[in-house]
Structure formats: structure tokens, C-alpha cells
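As C-alpha cells, the structure follows; a few thoughts come after it.
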Amino acid sequence: MNQFRRGWAKLMSVEGPDFIAWLRRKEVLRDRITVQARVVSRLLIDEIDTEAAAIKFWDGVPRALNHRCPETMHKDWGIVRAYAWLHFLERYARTWGALEYLVEECRLPMGSEGVRTLDVGAGLGAVAFAIHDFYAAMLEFAAETDNPNWHQPPEITCVENGIGWNAMRSQLWEMIHSVARGEWPCDLSTWKNLNDFTGIRPDQERADEFERLRWAYATDWDEYRGEETTELLHTAQEANQEAQSRHRYRLFVFSNFFTSLKSVKAMGDKLSELLTDANPGSVLLVMGAETGCYVAIYEQLQRIAEAAGFRIVVPDARASSAISSVDDIVSAESLKIYEHAQRLAPNDDERIVNFGDSFAQGEVFRANAIRAFRKHRNIRQSS
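Sequential numbering from 0 applies to the sequence shown in numbering that gives the first Met the number 0.
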């Protein structure tokens, strides 16, 4: 167990620059995203293996660009593959950049036993993979510098009800875990999956878990007494400690999840419940677009967060593969997929051709906005 006596923010202010310098000297992001890029391109090239498959892939591009598509889009094979092509690597890079920024601002969640993350609307898992890899890099840094305070094992829960997203994320999970195993600290076995964000009930689930653990027992045969005996597996304290860990997240992430005020309204009560339940030091990270309806969306999210005791600590930052200097990797792998599909089924749609031209020139998507809120102590919460 680690615990920096002067607080995690102080640790980051003192040692954070060394960690960031280590990341960049070792080119950890380039190493990790190269693996991600090769896996994504290999998976897509293997699956887009006929003219018919390439046509379905191209047909999915327009809807993959529309963030407010119907929720059923995950059922369309072409849309899911097009979405992976257009968004996965860029979102991975943006998330990594956001986490680096939080370290620099001394706002990254850290904990004595690591960090539990709730990734809501996980989709294909780009955000979750980036968070896992970033905290895994901390494990390497901790080992190299013999500094246990940076030993921050990640535990990630992905919330996603789209069957298509979950299926492809599982494929990527298996491939990345196979490639990464032995190369760097990579333990994707700690990942958990939930299908329903609104179905999370922290207090009730903790109470149920406590009852289950408190009265769990093992049976054995007592040869001396000639009868079966039972023995409780946990003390009340052990059962309570384990139960209280359920849904105790240090990092909440919403990346392009709220795409309309209607979605905020529908999920607002549950979001409020989870944030109110969160412990001091927890961070809410919101990433996404910043124009149009998103201005009102972020204003509403800020009201919900503040009512739950959070305060905005990063009001306006940017992250992208270009800012993180890995846009060459993103564009090169994206171009490879584009050229492969064009060979199978040439497509002269202007938007699709423009993507190919942009990737050929090393250009990628523009930066996304980052907003972060942190829960503080001694803040009176709204009733």
C-alpha cells in the first residue's frame, strides 16, 4: 500500500515533472499507440477481405461521422468498422494527452491501492485502453525509480450496452493483451463490463455484497466429532472492506457520451447519484466536441457536478494526436486501411477521398476539448 503523506497533489507537484520527462524520454506513448495501431489495422484489414465487405465498410463512414446517430448503429457491421478506422487511434491519443495534462496540473487521480475508473459509453474501448496503458506506465516508472508511490495499478469498468461495440472491443482486448503481454505491465484481466449505466446502484450493491460475504462459509468434515462443520470465510470487517470497494471510482470518464441535452436529462439523476457517492479526490473527466449544442451540454454537466461537490479544475484544455506528436502513427495506419479498402472496392465519395488525402499528408482530426472536475472536501452539497 502506498500513501504519500503530504497528499497526491503534492506528490505530482514534486515528482510529476520527473514522471512526464520519463514518459517522453522513453517515448512510451509512441510505443503503446504503435501497438494499438498495428492491432486495429490488422483486425480491420483481416475483416475487410472482400469487395462486399469493403462496400459495407465505406457505407458505414457517413454514419460513423455522425455522433448523434441512433443507438442501433452498433448493430451495423460497416459502421462499427468505420468508427474504429476514424476514431479509435485519435481518441486513444487524446485520452493519453488528457492524462498527461492532469499530471502536469496535479489533478490526476491516484490512490493508496491504485485507481478504479468508470468509462461510461466505452464503445470500442479507446479511452479505456489509453487509461490502462497510462497507469501501467506508472508501474514501470515506479519499478525503475524504486518509488512505490507511483505504483498505481488500474482497474477499469467499461459501461456499454451496444453489442457491436462490446464484441469488437473484446476482439481488440484479446489481440492487444496477446501482443503486450511480457512487453510492459499489462493486466487487462482486471477489466469489468457493465451494460446499463442507469442500473448502477452503489449503496444497494454494497449492502448486498456485504451480506453475501459476511455469511459466506465453507464446510468441512470434522473427523474427531464425526460431523460436518461450517466456518465463516470473512470477518465482519473484511466483508465490509470488500463490499465498500464496489463502485468506488476515483476516475469517471465521459468521452463523446453526452451528445444532446436530452441524453443529459435522461442520465442526469444517475450521474448525480454516482458523483454524490464519490469520495473526495475523485475526478470527472469529460472529453468531446465544443461547438453547437455541446456548449449547453457542458453547462448542464457542470451544474450536476457542482451540486455533487465537484469543482472544475481544468476548464478549457485541448488534446489530440498532433499535440502529443503521434499524428504520424495515426495517419500512417489509417492510410494503410484506406488504401486496402480502396483496392477491394474503389470509392470516389468526396468525404472518403478527402480522408485518404488527409491521411496521406499526415493530417488528422482537430483537437478535442478537455474538462475536468475534482471532488473536494468540506463543500456543502446541494440538496
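Each residue gets a CB set at the ideal place from its N, CA and C atoms; glycine is no exception.
Sub-8 Å separation of residue i and residue j beta-carbons
i, j, result
"Leu343", "Glu50", "yes"
"Ala321", "Thr275", "no"
"Ser319", "Gly96", "yes"
"Val363", "Ser323", "no"
"Gly59", "Asp75", "yes"
"Val282", "Pro108", "yes"
"Leu123", "Trp164", "yes"
"Ala83", "Met167", "yes"
"Trp399", "Ala265", "Lying before the first or after the last residue shown, residue 399 is absent from the chain, which here runs from 0 to 382."
Buried versus exposed call for residue i [16 or more other C-beta atoms within 10 Å across all chains shown]
i, result
"Gly110", "buried"
"Gly6", "exposed"
"Gln360", "exposed"
"Tyr223", "exposed"
"Glu89", "buried"
"Ala127", "buried"
Nonlocal neighbours in the same chain, by C-beta distance under 8 Å from residue i, ignoring five residues either side
i, result
"Val38", "Leu171, Met174, Ile175 and Val178"
Distance between residue j and residue i (C-alpha atoms, nearest Å)
i, j, result
"Arg365", "Leu232", "54 Å"
"His375", "Leu270", "17 Å"
"Glu298", "Thr228", "60 Å"
"Val13", "Asp195", "40 Å"
"Ser357", "Val325", "15 Å"
"Glu305", "Ile311", "8 Å"
"Ala295", "Ile162", "30 Å"
"Glu383", "Gly291", "The question about residue 383 has no answer, for the chain in this structure spans 0 to 382."
"Met286", "Asn367", "7 Å"
"Val158", "Asp268", "17 Å"
"Pro279", "Met72", "37 Å"
"Ala316", "Asp219", "60 Å"
"Val102", "Ala125", "20 Å"
"Phe372", "Cys105", "12 Å"
"Ala129", "Arg31", "9 Å"
"Asp348", "Pro16", "46 Å"
Per DSSP, the bridge partner or partners of residue i
i, result
"Arg309", "With the sequence shown as reference, residue 309 is identified as Phe, and Arg is not the correct amino acid for it. Note: Phe309 sits in a beta bridge opposite Lys374."
"Lys191", "Thr156"
"Ser111", "Gly113"
"Leu283", "Phe251 and Phe372"
"Thr228", "Asp219"
Own chain residues within Cβ distance below 6 Å of residue i, not counting five before or after
i, result
"Val27", "Ala136"
"Ala277", "Lys374"
"Phe140", "Phe18, Trp21 and Trp149"
"Ser333", "Phe358"
"Leu117", "Thr156, Tyr248 and Phe251"
"Phe253", "Val119 and Val285"
"Ile336", "Ser40, Leu43 and Trp84"
Own chain, CB closer than 7 Å to residue i, minus 5 neighbours either side, in chain order
i, result
"Asn160", "Asn194 and Asp195"
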